[in-house]
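In the working numbering, the protein residues as written are -2 to 266. Note that the Cβ used here is the ideal one computed from N, Cα and C, for glycine as well.
This is how it looks when you write it as structure tokens:
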């Protein structure tokens, strides 16, 4: 996939790019922005492409029309799934999981800007992001049990407990009930609530975009890697990671700016 962030024109969502910040907008507002087979695949390919293009410093993912994402489209995904054989179903579930894998693998911080409905696969997109901001009206539901499926979907049983705790995650995944914005904030799912969540997300993205992008990529990678290591292993991994950051020009720029009582201008090298 040839990828130029300034020229990229996806078919199944909107794309904006300005000063290092890429904005993905799920754009089916009349249906509360559900995903289709095609949009799953294009999102996955896009996040994998970001692993090779460091002009993008931060990604914001949002929905059009006052809602984030209502999950998989009932008629374009759920209906066809009921007619698939075992091999076809497994290809689909592996593909959806691969979207989460791509989001975690791309080096850029991902900010979810959520308002209104955030359900099913939409809740997973928010969960898989690095930072989550929400409007006070946001209602988030991991609603898989409502359609006869398990809560074990796209990494939810692994990632959600790490964010909000095992018991709270179990309740949401067993019941499929809405998590209010206030609950999500209290439980640590949302970093903050904001009435103008889109502006808040863009402001945070611009702040991160002028930061040291190599260092941000290292932080994101270590946050994932260190889920499954001992403290001793983590200390060694972080020693090696930080030593690599100390070899960057951005580290030298920061020192020189500090010595001159100026603000550093990072250049990502």
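_Buried versus exposed call for residue 54 [16 or more other C-beta atoms within 10 Å across all chains shown]_ = Residue 54 comes out buried.
*Between the Cα of residue 63 and those of 89, 141 and 132, spot the shortest distance and give me the residue it belongs to.*
Among 89, 141 and 132, the Cα nearest to that of residue 63 belongs to 132.
_Collapsed DSSP secondary structure at residue 154 in the structure displayed_ = The answer is helix: DSSP assigns residue 154 an H, G or I state.
*asked:* I need the DSSP call for residue 221, collapsed to helix, strand or coil.
replied: Reduced to three states, the DSSP call for residue 221 is helix.
_DSSP has residue 256 in a bridge; who is on the other side?_
BP columns for residue 256 are empty, so no partner.
_Quick check on DSSP: helix, strand or coil for residue 115?_
Under the three-state reduction of DSSP output, residue 115 falls in the strand class.
*Counting only runs that start and end within the region 0 to 73, where is the alpha helix (DSSP H) found for 4 or more residues in a row?*
Correct list: 34 to 47.
_Secondary structure of residue 124, DSSP reduced to three states_ = DSSP places residue 124 in helix when its eight states are reduced to three.
*DSSP state of residue 109, grouped into three classes?*
Per DSSP, reduced to three states, the secondary structure at residue 109 is strand.
*Buried or exposed: where does residue 163 fall if 16 or more other Cβ atoms within 10 Å of its Cβ makes it buried?*
Residue 163 should be labelled exposed.
_According to DSSP, residue 176 sits in a beta bridge with which residue or residues?_
Its beta-bridge partners are 137.
_Could you pull the DSSP bridge partners for residue 189 from this structure?_
According to the DSSP secondary-structure assignment, residue 189 is paired through a beta bridge with 130.
*Using beta-carbon positions only, say whether residue 246 and residue 264 come within less than 8 Å of one another.*
Cβ distance < 8 Å, so residue 246 and residue 264 count as in contact.
_CB-CB length for residue 84 against residue 41, believed under 8 Å_ = Contact doesn't hold; Cβ gap of about 19 Å is too wide.
*asked:* Let's see if you can read the secondary structure: which residues bound the alpha helix (DSSP H) around residue 101?
replied: Under the DSSP assignment, residue 101 falls in the alpha helix (DSSP H) whose first and last residues are 83 to 102.
_Going by DSSP, what residue range makes up the alpha helix (DSSP H) through residue 201?_
194 to 206 is the span of the alpha helix (DSSP H), which, as asked, contains residue 201.
*Cβ distance (whole Å) where residue 127 is taken to contact residue 178 below 8 Å*: Not really, about 19 Å apart at Cβ, beyond 8 Å.
*asked:* Output needed for residue 242: all residues of its chain with C-beta closer than 7 Å, excluding positions within five of it in sequence on either side, in chain order.
replied: For residue 242, where only same-chain residues beyond five positions count, the Cβ hits under 7 Å are 211, 212, 215 and 248.
*asked:* Looking only at its chain, what residues have a beta carbon closer than 8 Å to the beta carbon of residue 254, apart from the 5 residues adjacent to it on each side?
replied: Once the five neighbours on either side are set aside, the close Cβ partners of residue 254 are 260, 261 and 262.
_C-alpha distance - residue 92 paired with residue 237, whole-angstrom precision_ = Taking the straight line from one Cα to the other gives about 33 Å.
_Taking the beta carbon of residue 225 as the centre, do at least 16 other beta carbons fall within 10 Å, making it buried, or is it exposed?_
Around the beta-carbon of residue 225, fewer than 16 other beta-carbon atoms lie within 10 Å, marking it exposed.
*asked:* Going by DSSP in three states, residue 146 sits in which element: helix, strand or coil?
replied: Coil, per DSSP.
*Mapping DSSP to helix, strand and coil, what is residue 215?*
The three-state secondary structure of residue 215, taken from DSSP, is helix.
*Grouping DSSP H, G and I as helix and E and B as strand, with all else coil, what is residue 244?*
Note: residue 244 maps to coil in three-state DSSP.
*Using 10 angstroms around the beta-carbon of residue 147, count the other beta-carbons present and answer buried if the total reaches 16, otherwise exposed.*
Residue 147 comes out exposed.
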